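Novice: Under the working numbering, the sequence shown has 86 at position 87, and the numbering climbs by one with no breaks. Yeah, the Cβ is synthetic: ideal placement off N, Cα and C, and Gly gets one too. Computed from a predicted structure; not experimentally measured.
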Amino acid sequence: MEHETLLRQQLVKLLIGSEAHADFETAIKGMPAKLRGLVPAGAEHSPWMLVEHLRITLWDILEFSRDPKHVSPKWPEGYWPASSAPDNEKDWDKTVQAFRDHLKSMCDLVMDPATDLFAKIPHGDGQTILREALLSADHNAYHVGQLITVRRLLGAWE
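#1: Taking the continuous alpha helix (DSSP H) assigned at histidine 44, which residues delimit it?
#2: What separation, rounded to the nearest whole angstrom, lies between the Cα atoms of serine 45 and glutamate 1?
#3: What residue range does the alpha helix (DSSP H) around glutamate 18 cover?
#4: Would you kindly work out how many angstroms separate the C-alpha atoms of leucine 133 and methionine 105, rounded to a whole number?
#5: Of the choices Pro80, Trp58, Leu146 and Ala118, whose alpha-carbon is the least far from that of valine 70?
#6: Going by C-alpha distance, which of Arg54, Val109 and His122 is nearest leucine 5?
#7: Beta-carbon within less than 8 Å of phenylalanine 98's beta-carbon, same chain only, minus the 5 sequence neighbours each way: which residues are those?
#8: Quick test of the definition: if touching needs 3 or more C-beta pairs under 8 Å, does the stretch 26-38 touch the stretch 78-87?
#9: Suppose contacts are defined by Cβ-Cβ distances below 8 Å. Is threonine 127 in contact with alanine 113 by that definition?
#10: Can you tell me where the alpha helix (DSSP H) with tryptophan 91 in it begins and where it stops?
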């Protein structure tokens, strides 16, 4: 049982992402509102597009993990926002908070002793909660790194 608790704790550290690389909170801290919708030369996405993509994807993985009736968005267009900029600052704030909430929910799912990390998700095709947590952490790390690169290209990263 001790090994399982340690595994759960390590998964949460990986999900939060503050050991081997910058975490989500660091990547968005101080992001100027006027730059959130800009796609810099040499990049494919704006900060808004990346943050919204992170939110949508984490929501999808989380809901797949716990809801057999969940229907994923259409790939790939359902995982990206329609525009490069949020409509307003409130949209940015709502997306940031939703990502935080989804991340907390994923961490709670992982830490729940009732969650069998190794059992196949009944409505999946072989996935486990362990796999979904690792997938989430990997996906988040990749796009948080992109977000920092985009901020550098926009001159908004120290």
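Specialist: Taking the geometry as given:
#1: First-last for histidine 44: undefined, no H or E at that position.
#2: 43 Å
#3: Here glutamate 18 belongs to no alpha helix (DSSP H), and DSSP marks it neither H nor E.
#4: 11 Å
#5: Trp58
#6: Val109
#7: Phe23, Val50, Leu53, Arg54 and Leu57
#8: yes
#9: no
#10: 88-110
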